[in-house]
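Asks:
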Amino acid sequence: MKTKAKNYWPTYALLGAITILFGGLSIYIFTDVGKVIEPTVTTATSTNQVASTSEAPVDSNLPVTWETLYPNTKPMQIGSTTVSASVAESWTERIRGLSDTPYLPEHVVKLFIFDSSGYHSIWMKDMNYSIDIIWVSEEGVVVHTEDGAAPESFPAMFVPEVPAKYVIETAEGFVAKNNLNLGDVVVLPNL
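Under UniProt numbering, the sequence shown has 119 at position 119, and the numbering climbs by one with no breaks.
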């Protein structure tokens, strides 16, 4: 007598989607009667509670590389300094910015590209560290800087004195360390 093989595909797909949705890694073992046996080793908490990323400590011991945090960077030049730019092109990317990131390396910047020049403001909502902010004209010239914008400044907004089309967020101290001045040229990445 042949027994029909059980199809666990819908269960695997659902668990895979849930795992991806919550960004965790879980291992499940299925018995032939469809019961799930949870392993003793997992990256999820042993209480099976779902943790929010906003509750994760900034000084986590998990290895987080800048390449993971800022994928697909493009080289660009700010004054005489070459950096790797993580580009925020969409509205949602511009709203999020660097919020909830654990750190920003000195050689990585967040580049905000707007549809047109304007008084584009920057806030420090959900930031974990201070940054320097650079506003750049449509012609690629530095028109305003804000040094050491701190997370505690939220809900205040930083606004340039003149219209700009691009905004660059850098590690705190970047402007002073690289002797960046108003009128310096920024060479944007090829997009």
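Glycine residues also receive a C-beta, built at the ideal position from the N, C-alpha and C atoms.
In whole angstroms, what is the alpha-carbon distance linking LYS177 and PRO151?
Replies: As a position in the sequence shown, residue 177 is number 177, starting the count at 1. As a position in the sequence shown, residue 151 is number 151, starting the count at 1. Their Cα atoms are separated by approximately 21 Å.
Asks: With a threshold of 8 Å, are at least 3 pairs of Cβ atoms found where one atom belongs to the region 138 to 155 and the other to the region 84 to 92?
Replies: The region 138 to 155 vs the region 84 to 92: no contact.
Asks: How would you write the range of the beta strand (DSSP E) that GLU152 sits in, first residue to last?
Replies: Numbered from 1 along the sequence shown, position 152 holds the residue referred to as residue 152. No beta strand (DSSP E) holds GLU152; DSSP gives it neither H nor E.
Asks: Tell me where the beta strand (DSSP E) around residue 202 begins and ends.
Replies: Here the chain comprises residues numbered 1 to 191, so residue 202 is not present and cannot be evaluated.
Asks: Among the residues of its own chain, which have a CB less than 6 Å from the CB of LEU111, if the five just before and after it don't count?
Replies: Residue 111 sits at position 111 when you count from the first residue of the sequence shown. Counting only Cβ-Cβ distances below 6 Å, and skipping sequence neighbours, we find ALA85, VAL87, ILE168.
Asks: DSSP state of VAL141, grouped into three classes?
Replies: For this step, residue 141 is matched to residue 141 along the sequence shown. In this structure, VAL141 counts as strand in the three-state DSSP scheme.
Asks: Could you tell me which residues DSSP pairs with GLY118 in its beta bridges?
Replies: In the sequence shown, residue 118 corresponds to position 118, counting from 1. Per DSSP, ALA164.
Asks: Roughly how many whole angstroms lie between the Cα atoms of PHE158 and ILE131?
Replies: For the purposes of this step, residue 158 is taken as the residue at position 158 of the sequence shown. For the purposes of this step, residue 131 is taken as the residue at position 131 of the sequence shown. About 12 Å.
Asks: How many whole angstroms separate the CB atoms of TRP135 and PHE154, which I take to be in contact at a CB cut-off of 8 Å?
Replies: Your numbering for residue 135 matches position 135 in the sequence shown. Your numbering for residue 154 matches position 154 in the sequence shown. Contact flag wrong, Cβ pair sits at about 19 Å.
Asks: Helix or strand or just coil, what does DSSP make of GLU106?
Replies: Here residue 106 refers to the residue found at position 106 when the sequence shown is read from its first residue. Reduced to three states, the DSSP call for GLU106 is coil.
Asks: Quick one: what does DSSP say ASP184 is sitting in, helix, strand or coil?
Replies: Indexing the sequence shown from 1 puts residue 184 at position 184. Three-state DSSP puts ASP184 in coil, outside helix and strand.
Asks: Using a Cβ-Cβ cut-off of 6 Å (strictly less than) and excluding sequence neighbours within five positions of VAL175, which residues of its own chain qualify?
Replies: Within the sequence shown, residue 175 is the residue found at index 175, counting from 1. Around VAL175: ASP132, THR145, ASP147.
Asks: With H, G and I counted as helix, E and B as strand and the rest as coil, what does DSSP make of PRO189?
Replies: Residue 189 sits at position 189 when you count from the first residue of the sequence shown. Here PRO189 sits in coil by DSSP.
Asks: Thinking C-beta only, is SER137 closer than 8 Å to ALA156?
Replies: What you label residue 156 is simply residue 156 of the sequence shown in a count that begins at 1. What you label residue 137 is simply residue 137 of the sequence shown in a count that begins at 1. Not in contact: ALA156 and SER137 (Cβ atoms no closer than 8 Å).
Asks: Rounded to the nearest angstrom, what separates ASN72 and PRO105 at their Cα positions?
Replies: Stepping through the sequence shown from its first residue, residue 72 is reached at position 72. Stepping through the sequence shown from its first residue, residue 105 is reached at position 105. Each residue's Cα considered, the two are about 15 Å apart.
Asks: In the DSSP output, which residue or residues are listed as bridge partners for LEU98?
Replies: Along the sequence shown, read from residue 1 onward, the residue named residue 98 stands at position 98. Bridge partners of LEU98: none, in fact.
Asks: What number of angstroms, rounded off, separates the C-alpha of ASN128 from the C-alpha of TYR103?
Replies: Residue 128 sits at position 128 when you count from the first residue of the sequence shown. Residue 103 sits at position 103 when you count from the first residue of the sequence shown. Between ASN128 and TYR103, the C-alpha separation is close to 7 Å.
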